[in-house]
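>
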Amino acid sequence: MSHAPCRLATGGRIDRKKPITFSWEGKTYSGYEGDTLASALIANGIRLVGRSFKYHRPRGILAAGVEESNALVQLGAGGRDTPNMRATEVRLYDGLTAKPVNCWPSARFDVSSVNNLVSRFLPAGFYYKTFMWPDWHLYEGIIRRAAGLGRVSSHADPDRYESRFAHCDVAVIGAGVAGLAAAREAARSGARVLLIEQDQAVGGNLLYDRRIIDGLEGGFWAEKAAREIADCPDADILLNTVAVGYHDHNSLTLVEQVGNEAECARDPRMPRYRTWLVRAKKVILATGAIERPLVFPGNDRPGVMLAGAVRHYAWRYAALPGEKTVLFTNNDDAYRTALTLHDLGATVVAVVDLRTEAPADLAGELDSRSIPLLPGSAIIQTRGSKSLKAVQVRTGQKSRWISCDTLAMSGGYNPTVHLFSQSGGQLRFDDRIASYVPDRSVQDEISVGAARGAFSTGECLAQGFEAGGASSEAIGFPRAAGTAPQSVDRAESPILACWHIAGAGGKAFVDFQNDVSTSDIALSAHESFRSVEHLKRYTTLGMASDQGKTSNVNALAIMASLTGRSVGESGHTRYRFPYTPIALGTLAGRYRGEIFRPLRRLPAHGWHEEAGALFEDFGGWARPACYPRAGEARHDAERREALAVRNGVGLFDGSPLGKIEVKGPDAARFLDLIYANTMSTLKVGKVRYGLMLNEQGVIIDDGVATRLADDHFLVGTSSGGADRIAAWMEEWLQCEWLDFDVIVAPVTTAWGVITVTGPQARALLAKTGTDIDLSALTHMGFAIGRVADIEARVFRVSYTGEASFEINVAARATEALWRILMNQGEEFGVAPVGIDAWDLLRTEKGYLHIGADTDGTTTALDVGWAHIMKKKNEFVGKRSLMRPQDQRTDRPNFVGLAAEDGRTRLPIGAHIVAEDASGTLRSEGYVTSSVFSPTLETPVALGMLRGGRERLGEKVRLRSGDAMFHAVVVDATFYDKEGARLNA
Amino acid sequence: MLLISCPWCGPREELEFRCGGESHIQRPGPCESVSDERWSDYLFTRKNPKGLHYERWLHAFGCRRWFNVARHTATHRIEAVYAMHEPAPIHLEQGNVL
Amino acid sequence: MPDAIWSGRADGVDVARLPAQPLHVLRLRAPTPEAIAHVAALLGTPLPTTPNSVRQGQARALWLAPGEWLVVGSQASGADVTSAAETRAAHWADISDGRAVYEISGPRARDLLAKGSTIDFHPRAFARDACAQSAFAQLFSIVERTGKDSFRLYVDVSLAHHMELWLGDALEEFQIRNPD
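Chains as they are written, first to last, in the working numbering: chain A, 1 to 984; chain W, 1 to 98; chain R, 1 to 180.
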């Protein structure tokens, strides 16, 4: 481990009792608790941290916060590696491993840096223009491999991502001076306050600026304010949490960094991130401001940093970015960096101020420290290959080189208006600070402090205090007596807006991460991509992972000057979610693996599991596809189970079938409208099959309705229709037929359903014991009684074509009855039947399966239900079926298809084809269901065929892929056409 | 995400609701007296304003009641919530501009 | 909860699936106050007419929707209830087997609920004897507050297994002990 050469001996908000070892590019370094990766790299004298995206130019750390554009790192290893993390946001921990992105083999010796040598041949739009012929896709692969930043891990993400909802009266975003003042004032009133801070500590610029507030040292005041907030019972402070989204009606998305990589590796229960979805009555945006770079040739060399960041590293982390620093500024703030560096013992070579008149008080401060001040000067060029060596300063007509290793620049501050912009708020250009500030709000929020362009501590305190009190008061929490915290500030001299310093050649960068320079913007303007939205897309400016936090305003201003407009006139792009990049896992949360989506269980799930059922997801239910015996393939099990039903008796778990009770004086009238066929003529104790249509006449569900009493029906739906049909009935009752006296009561899962089916079904039931008169219970009949002494509703309906008894019992009794029936059925060869065989049996019988044989265009007429049109009454969908198009005879009809050779199973989806006049094959329909019938020992298929009802007996050709098949159009019922077995 | 005030349950998150599209559409009938044009208008023709839109919503993950919402389609401001049988609030019509 | 069907625990929060108990949904179509009073008298339980509130009598009645209540712990029969209602359409659905009921209790019960529910469970917004139908963990659910730190959650019985996977996983974070 090497000694950290750039760490000051004392000072900083780091815990020197807790040293930390970490690895960078394979080498081991040391840092302290409280460091970020960026501050630890700086303390260790590491200046080159990566390569730029396009030209692979050497780049160093630029900033100290979320706006960092250069120091993107690949964090961790194995499944836990995370690409493109900003080193400025990574809290240091023991064992951290990181490396730069976008360079190989290392940041110092990067093979792709050859791009930089040919950079004048790679202007904006180069790829669009060059790789158009003959086809972009020809080049895409190669270019994509060369481009890109970090590498995504190919392992499953082992981390835990939590998510939660939260509510508050006042959400304060940013715990700097203004945010703390706002949150404390709101919390004091008793309002529920959520204070959100992206840093690991509260204070904002108080962490690195020396201020006195209410007579206390700034950092101490911040901690005291935070304690007072935390002591309020309904106020919370979230650290390490970025507010990434501001959505409709004051909803916010926050991403909290919880555990680091090491903590998560040690304990899989430790969340890596927690997503917060917050609904706030009031939002206070105290998001601060981000310093902007100055734009001059060579401004991207490692060692050129933002002036505030230099001060931040030096004061907060006791880490000096360099030994000999030059300041370059157009405003007062950079002077603070000069004074701080000097007072910490570092050398400040010179302060270069673009303004001809430097503020007298600050000039005096420099003078007392013997720091040279160069007013009315500019830096026009820099030197140094992998690290800054010297800068060229021009004063008037003269220029000279000054040797230095760090250049701290400040082009002024941009209020962080991203969330305000996301909320729909309109911005306005403010010449006073030469940047955009919030103007017109759309949502119930207010911006305070630097986020609103107020940069003095006193203004921040006053605005925060007022907003906190007013926001809570407006929602019913009277503010407590008190005055705003006080601070004595010097009056700042005006900024000199300066967007682009022309120099002695070389690229002047605007967007460091996407390598967009002033010449790219000029090219964009020249080629008439002048709107800010076009500029963004043409040059990719602001489209990198930093979303242009340091570059947008500079770019807009340069475009404005190139096109002879004011910055305000040229406008700005709207900021979008998320404010900072977020891990995809934060969007998924815990909904992955076995809780990815809910899977319902049958009431007799335990028995099916014991019996070795093969479970599959059928419409959100885990249902047995079949019950394979040892050594039995799936289709063998299907065949065996189907034959058991045909020859003896089978048991099928039909519990998911929808059960909706419809009750009331208007129940029969209502069902006549809901079903395409008539239900009011059904006798009590009888069951009738019915189709339900939507207003387009398209079939949406089928099932049987049972009349339990004159005013009481039980509507059976398909398993998938249980919730949908109940909701659909409610919609008609609540939105259209408000005067109907009907109640709709879904009861699906309160009941278990066991279907006993086959020639021996009646015998099994009789043996099991029931008080129901089975001989009187004929096909489509219904009875209430007891089966094996369990209360039951028994329906004579059939999906298999065999005599069937659908036994409904209380859900908890289902498994017990199933076991009894299996035991009693042994002598009849009883078999449990899965969905596979169930589907085979109904296909043999030619029963329609809605959603399999039909699609979103299949009407009742298409499946042969013309008789319903003669009904007197109205029903949903009837008018649509009267349209000429619906009446056409060449619409697809439901038919049976028999393979001509009697052997070949027709593939599902195979198209029935015919040649048109030009000899081209056209589809006339397709196969929807197809099985090999073990009973008939022949393949059977169902399908939709144009005009099919009139084409029975016709030979047709089918095509699937390149294979051709031959079949005969037949009636859909292959098995027991007379229904003798059904009625047995 | 919108915050919608169910007339029964009060303000709830949008994810509890289902939007049923434009409200106040008259279902024509009886079948025999409805022209094809009138029927197709009922099935398919919908308003698509930039401004106030009267639509029906279902509190699906809640009391399962339908109700009407007057919502500004550009700002998502909800100007009124009213019962299924109530007419659209007339006084809002003048505000039908951005 | 000794006779719980399933349980899970962590620091500050316990979860238990309660044994089955009588659960009914009472539906009265456009009921008059008299009809509500008659049914309430039969059930020995006041029927709340304030949305999203619960009243306790011999049984417990949760407001679900206008004219719709979940009645917990009543042995009344459908015939008795519908005849007491005297309205034209009344329905008493036995869903005792149709729901799984969980008790979530402890000082961190609200934190657990917040992982799955958008409902504001702050005592000012959701006091004792408040109830709500909502989505919990993306499932249709009913939740009610039975005490300062205790809640009951009702979900469809077919989703009980999924709910328990979800709850068990959600509890894990609260099981981390501070290494210090």
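Here a beta-carbon is modelled for each residue, glycine too, at the ideal position from N, C-alpha and C.
Please read all numbers here as calculations on a predicted model, not as lab measurements.
Does K878(A) get closer than 7 Å to chain C when you measure Cβ to Cβ?
Given the protein chain composition of this structure (A, W and R), no chain C is represented.
> Flag this pair as touching only if the stretch 474 to 489 of chain A and the stretch 420 to 433 of chain A have three or more C-beta atom pairs under 8 Å; answer yes or no.
Pairwise C-beta distances place the stretch 474 to 489 of chain A out of contact with the stretch 420 to 433 of chain A, as fewer than three of them are shorter than 8 Å.
> Any C-beta of chain R within less than 7 Å: which residues of the stretch 720 to 753 of chain A qualify?
D741, V742, I743, A745, V747, T749, A750
> Based on the DSSP output, what are the partners of R55(R) in its beta bridges?
Within the third sequence, residue 55(R) is the residue found at index 55, counting from 1. In the DSSP output, where bridge partners are listed per residue, R55(R) has A61(R).
> Report yes or no: is there a C-beta of chain W within less than 7 Å of the C-beta of S23(A)?
On the first sequence, residue 23(A) is found 23 positions in, with the first residue counted as 1. Not one chain W Cβ lies under 7 Å of S23(A).
> Excluding the 5 residues preceding and the 5 following A77(A) in the sequence, name in chain order all residues of the same chain whose CB lies nearer than 7 Å to its CB.
By 1-based counting over the first sequence, the position of residue 77(A) is 77. Counting only Cβ-Cβ distances below 7 Å, and skipping sequence neighbours, we find T97.
> For G424(A), go through chain W and note every residue whose CB falls closer than 9 Å to its CB, in chain order.
Translated into positions along the first sequence, residue 424(A) becomes position 424. Correct list: T75, H76.
> What is the DSSP secondary structure of E464(A), counted as helix, strand or coil?
Along the first sequence, read from residue 1 onward, the residue named residue 464(A) stands at position 464. A quick correction: the sequence has Gly, not Glu, at residue 464(A). Three-state result, G464(A): helix.
> Please name the residue, chosen from A125(R), T82(R), S117(R), that lies closest to P192(A) on a Cα-to-Cα basis.
Walking along the first sequence from the start, residue 192(A) turns up at place 192. Contrary to the premise, residue 192(A) reads as Arg rather than Pro in this sequence. Selected option, being the one with the closest Cα: A125(R).
> Excluding the 5 residues flanking V970(A) on each side, which residues of the same chain have their C-beta closer than 6 Å to its C-beta?
One-based indexing of the first sequence puts residue 970(A) at position 970. For V970(A), where only same-chain residues beyond five positions count, the Cβ hits under 6 Å are G896, A898.
> Among residues of its own chain, excluding the 5 on either side of W865(A), which ones have a beta-carbon nearer than 7 Å to its beta-carbon?
Numbered from its first residue, the first sequence carries residue 865(A) at position 865. Only A676, L691 meet the Cβ criterion.
> Quick one: what does DSSP say F420(A) is sitting in, helix, strand or coil?
Indexing the first sequence from 1 puts residue 420(A) at position 420. When secondary structure is reduced to three states using DSSP, F420(A) falls in the helix class.
> What do you reckon, is the C-beta of V684(A) under 6 Å from a heavy atom of the ligand SAH?
Among the ligands in the structure shown, none appear at all, so the ligand SAH cannot be discussed.
> Near K17(A), which residues of its chain fall below 6 Å by C-beta distance, leaving aside the five closest residues on each side in sequence?
As a first step, residue 17(A) is located in the first sequence; it is residue number 17 there, counting from the start. Around K17(A): no qualifying Cβ.
> Strictly under 7 Å for the Cβ-Cβ distance: is V81(W) near chain A by that measure?
In the second sequence, residue 81(W) corresponds to position 81, counting from 1. No, its Cβ sits nowhere closer than 7 Å to a Cβ of chain A.
> Take every Cβ of the stretch 83 to 97 of chain A, pair it with every Cβ of the stretch 34 to 46 of chain A, and state whether three or more of those distances are shorter than 8 Å.
yes
> Counting only beta-carbon atoms, is I402(A) nearer than 7 Å to chain R?
Indexing the first sequence from 1 puts residue 402(A) at position 402. For I402(A), the answer is no, since every Cβ of chain R falls outside 7 Å of its Cβ.
> Within a Cβ cutoff of 8 Å, which residues of the same chain sit near R590(A), ignoring the five residues on either side of it in sequence?
Your numbering for residue 590(A) matches position 590 in the first sequence. For R590(A), where only same-chain residues beyond five positions count, the Cβ hits under 8 Å are R160, Y161, E162, S163.
> Bridge partners for F220(A) per DSSP, in chain order?
Position 220 of the first sequence, counted from the start, is the residue given in the question as residue 220(A). DSSP lists no partner for F220(A).
> Going along the chain, which residues of its own chain have a beta-carbon closer than 6 Å to the beta-carbon of Q381(A), five neighbours each way excluded?
Your numbering for residue 381(A) matches position 381 in the first sequence. Only P297, G298, Q392, G503, A504 meet the Cβ criterion.
> Helix, strand or coil for Y42(W)? Go by DSSP, reduced to three states.
For the purposes of this step, residue 42(W) is identified with residue 42 of the second sequence, where counting begins at 1. In the structure shown, Y42(W) sits in a helix (DSSP, three-state: H, G or I).
> Taking only the alpha-carbon atoms, compute the straight-line gap between N70(A) and N102(A) and give it to the nearest angstrom.
One-based indexing of the first sequence puts residue 70(A) at position 70. One-based indexing of the first sequence puts residue 102(A) at position 102. Their Cα atoms are separated by approximately 11 Å.
> Is the beta carbon of G781(A) less than 7 Å from the beta carbon of D771(A)?
The sequence position of residue 781(A) within the first sequence is 781, counting from 1. The sequence position of residue 771(A) within the first sequence is 771, counting from 1. No; because the gap between Cβ atoms is not below 7 Å, this pair is not in contact.
> Determine the DSSP secondary structure at T768(A), reduced to helix, strand or coil.
Reading the first sequence from its first residue, position 768 is the one you call residue 768(A). Reduced to three states, the DSSP call for T768(A) is helix.
> So, under 8 Å CB-CB, A972(A) and L942(A) are touching, yes? Tell me the CB distance rounded to an integer number of Å.
Here the question's residue 972(A) lines up with position 972 in the first sequence. Here the question's residue 942(A) lines up with position 942 in the first sequence. That belief holds up - the Cβ atoms of A972(A) and L942(A) are roughly 6 Å apart, short of 8 Å.
> From this set, E978(A), E900(A), G925(A), which residue's C-alpha is nearest H966(A)'s C-alpha?
As a first step, residue 966(A) must be located in the first sequence, where it is residue number 966. Closest by alpha carbon: E900(A).
> Would you mind sorting E987(A) into buried or exposed? The rule is 16 or more other CB atoms within 10 Å of its CB.
Outside the displayed range of chain A (1 to 984) lies residue 987(A), so it cannot be described from this structure.
> Give me the Cβ distance between R57(A) and D300(A), rounded to the nearest whole Å; I'm assuming they're in contact under 8 Å.
Your numbering for residue 57(A) matches position 57 in the first sequence. Your numbering for residue 300(A) matches position 300 in the first sequence. Confirmed, about 6 Å.
> One question on the structure: do T395(A) and S410(A) come within less than 7 Å of each other, judged by their Cβ atoms?
Position 395 of the first sequence, counting from 1, holds the residue named residue 395(A). Position 410 of the first sequence, counting from 1, holds the residue named residue 410(A). Cβ atoms of T395(A) and S410(A): not closer than 7 Å.
> Measure the C-alpha to C-alpha separation of R903(A) and F932(A) and round it to an integer number of angstroms.
Walking along the first sequence from the start, residue 903(A) turns up at place 903. Walking along the first sequence from the start, residue 932(A) turns up at place 932. Spanning the alpha carbons of R903(A) and F932(A) requires a straight line of approximately 9 Å.
> For the candidate residues R793(A), P934(A), R51(A), whose alpha-carbon lies nearest to that of D636(A)?
In the first sequence, counting from the first residue as 1, residue 636(A) sits at position 636. Nearest of R793(A), P934(A), R51(A) to D636(A), Cα basis: P934(A).
> Quick check on the burial criterion: 16 or more other C-beta atoms within 10 angstroms. Buried or exposed for T10(A)?
By one-based count along the first sequence, residue 10(A) stands at place 10. Per the 10 Å Cβ criterion, exposed.
> For the stretch 266 to 293 of chain A, enumerate the residues whose C-beta is nearer than 7 Å to any C-beta of chain R, in chain order.
D267, R269, M270, P271
> Take R279(A) and list the residues in its own chain whose beta-carbon comes closer than 7 Å to its own, dropping the five residues that flank it on each side.
Counting from 1 along the first sequence, the entry for residue 279(A) is found at position 279. Same-chain partners within the cutoff: H167, N250, S251.
> Where D836(A) and E915(A) are concerned, what is the direct C-alpha to C-alpha distance, given to the nearest angstrom?
In the first sequence, the residue the question calls residue 836(A) occupies position 836. In the first sequence, the residue the question calls residue 915(A) occupies position 915. In this structure, the CA atom of D836(A) is about 36 Å from the CA atom of E915(A).
> Restricting to Cα atoms, I'd like to know which of D149(R), P46(R), G98(R) is closest to V157(R).
Within the third sequence, numbered from 1, the residue matching residue 157(R) stands at position 157. For the residues D149(R), P46(R), G98(R), the minimum Cα distance to V157(R) belongs to G98(R).
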